[in-house]
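Residue numbers for the sequence shown follow the numbering used here, beginning at 389 and rising by one.
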Amino acid sequence: MNIKLQFSKSVATLVFDRKDSSANIFDSDTLAELSAILDELVTYNNLTGLIIRSEKPDTFIAGTDLNELSSASGEKLTHLIATGQNILNRIEDLPLPTVAAIHGTCVGSGFELALACDWRIASNSNKTKIGLPETQLGILPAWGGTSRLPNLLGLQDALPIILSGKIHSANDAKNKGLVDHLVPPQHLENFARSLLAKGKRQHTRNPITRNQAVAKLIHIQAQKDLLKKTRGLHPAPQAALDLTVASIGRNRAQSQKAELETIQHLASLPQTSQLIRTFFLKQQAKKQNLTTAQPAPIHRAAVIGAGTMGSGIAYWLSSHHTQTILHDSSPQALALGMKTISSLY
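Put into structure tokens, the structure is as follows:
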């Protein structure tokens with residue numbers, strides 16, 4: 389079991405506690421388990437609220453299982469994304485108020501789950517990290533995140549969070565409106581119960597933030613800023629930008645259909661597979677004990693770019709008996725770099 393359903397008086401609590409793991413993540417088995425629990429939950433007529441929390445000391449939910457996501461394609465990928473969307477929609481549509489009580493890492497689909505709740509509270513611990521890092525992996529929030537976050541914050545404030553993929557501290561998350569309150573970890577559940585008394589969240593949307601003409605103007609400026617950073621070489625932020633802006637003129641079903649189609653396309657790109665591969669390599673490096681690692685001997689080296697720094701590095705390498713190739717796309721820059729190295733010798 390990865391999820392426990394607990395009851396206290398008229399309040400139900402979903403407790404995520406992935407078996408034999410230090411972190412909670414979403415995979416097909418966990419989604420199936422959560423779906424069955426939701427089936428059971430709706431049979432209780434006397435409930436006044438639902439709290440979602442984690443039993444892990446450092447993690448709320450750390451997103452979707454990247455091993456499963458990266459290996460899925462075609463119908464399997466469609467099923468995984470559509471199932472996640474459906475389950476979060478069911479949570480959002482529950483007739484009783486819901487609170488996500490966050491402590492620890494809450495990122496990706498974990499935060500999308502929190503967005504499907506009426507209220508979000510987080511511990512003020514430095515272990516609490518919140519965000520939507522999908523674009524850094526070549527994909528995007530595809531369980532309703534590209535429409536729920538703009539609905540919560542407004543398009544202009546939601547775009548930087550989605551496009552950057554940045555992970556935020558608890559304080560930053562509160563300041564940006566990603567969570568409603570910060571409380572000490574030991575008070576999370578009691579405070580969550582007090583929020584349930586407020587009932588379902590009533591969204592008072594500013595009509596300007598739902599205006600498609602305003603959204604187009606925001607799109608134009610965001611496009612300029614994005615191209616400065618990516619030079620058009622990073623497809624995921626561009627897709628996320630287009631999708632998030634388009635959500636302003638769509639209902640939930642239309643937005644999530646577009647999310648599904650877009651992530652299917654992004655998942656097939658070589659950039660995405662390499663970004664996910666790089667993520668796994670970083671995770672492996674963090675686990676390795678580098679204090680005992682010995683540097684490998686270097687016999688040959690290549691320096692790309694013959695400017696001041698490049699020619700200086702090439703000089704240092706070659707002066708230490710390393711066979712060195714200096715390369716530059718400009719013959720003039722290469723000649724100047726070689727002249728610099730010659731003068732240093």
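Where is the CB? At the ideal position from N, CA and C, for every residue including glycine.
Practice task
Kindly confirm or deny that the region 420-433 and the region 604-619 touch, where touching means at least three C-beta pairs closer than 8 Å.
Solution key: no
Handout entry: Residue from Q720, V495, S458 and L541 whose Cα sits closest to the Cα of K564
Key = L541
Handout entry: Check whether S398 and N433 have beta carbons under 8 Å apart
Key = no
Problem - Residues bridged to I550 [DSSP beta-bridge criterion] - result: Beta-bridge pairing links I550 to no other residue.
Problem - Cα-Cα separation, P485 to L621 - result: 43 Å
Problem - Alpha-carbon spacing of T384 relative to A641, whole angstroms - result: Look at the range of the chain in this structure, 389 to 733, and you will see that residue 384 is not part of it.
Practice task
Can you give me the start and stop residues for the beta strand (DSSP E) that H556 sits inside?
Solution key: I555 to S557
Exercise for the section: Report the rounded CA-to-CA distance for D568 versus F404, giving the unit in angstroms. Expected result: 21 Å
Handout entry: For H715, the first and last residue of its enclosing beta strand (DSSP E)
Key = Q711 to H715
Problem - Candidates N512, S535 and C494, of which the one nearest L520 by Cα - result: C494
Handout entry: G519 in three-state terms, based on DSSP
Key = strand
Exercise for the section: Per DSSP, which residues does F395 bridge with? Please list them. Expected result: A400
Handout entry: Under the three-state DSSP convention, the category A684 falls into
Key = coil
Exercise for the section: Along the beta strand (DSSP E) that carries T493, what are the first and last residues, could you check? Expected result: T493 to V495
Problem - Close Cβ partners of Q473 (< 8 Å) along its chain, the five nearest in sequence each way excluded - result: A530, W531, G532, Q644, E647 and L648
Handout entry: Check whether L543 and I606 have beta carbons under 8 Å apart
Key = In this structure, the beta-carbon distance from L543 to I606 falls below 8 Å.
Handout entry: S511 beta carbon less than 8 Å from that of A558
Key = yes
Handout entry: Reduced DSSP secondary structure (H/G/I, E/B, other) of W704
Key = helix
Problem - Straight-line Cα distance separating M389 from D408 - result: 10 Å
Practice task
Return yes when the Cβ of D415 is within less than 8 Å of the Cβ of D446, no when it is not.
Solution key: no
Exercise for the section: Provide the residue span of the beta strand (DSSP E) that contains L570, from first to last. Expected result: H569 to V571
Practice task
Indicate whether P666 and R688 have their beta-carbon atoms separated by less than 8 Å.
Solution key: It is Thr, not Pro, that sits at residue 666 in the sequence shown. No, the Cβ-Cβ distance between T666 and R688 is not below 8 Å.
Exercise for the section: Give a yes or no on whether the C-beta atoms belonging to L566 and H575 are separated by under 8 Å. Expected result: no
Problem - Between the CA atoms of Q720 and G700 - distance to the nearest angstrom - result: Cα to Cα, G700 sits roughly 17 Å from Q720.
Practice task
Report the three-state DSSP secondary structure of A634 (helix, strand or coil).
Solution key: helix
Exercise for the section: Name the residue from V633, L570, W507 and R478 whose alpha carbon lies nearest to the alpha carbon of K517. Expected result: L570
Practice task
Return the CA-CA distance between D417 and M726, expressed in angstroms with no decimal places.
Solution key: 60 Å
Practice task
Decide if L705 is buried, meaning its Cβ has at least 16 other Cβ atoms within 10 Å, or exposed.
Solution key: buried
Handout entry: Spatially closest choice to A504 from G496, E522, N514 and I479, by CA coordinates
Key = I479
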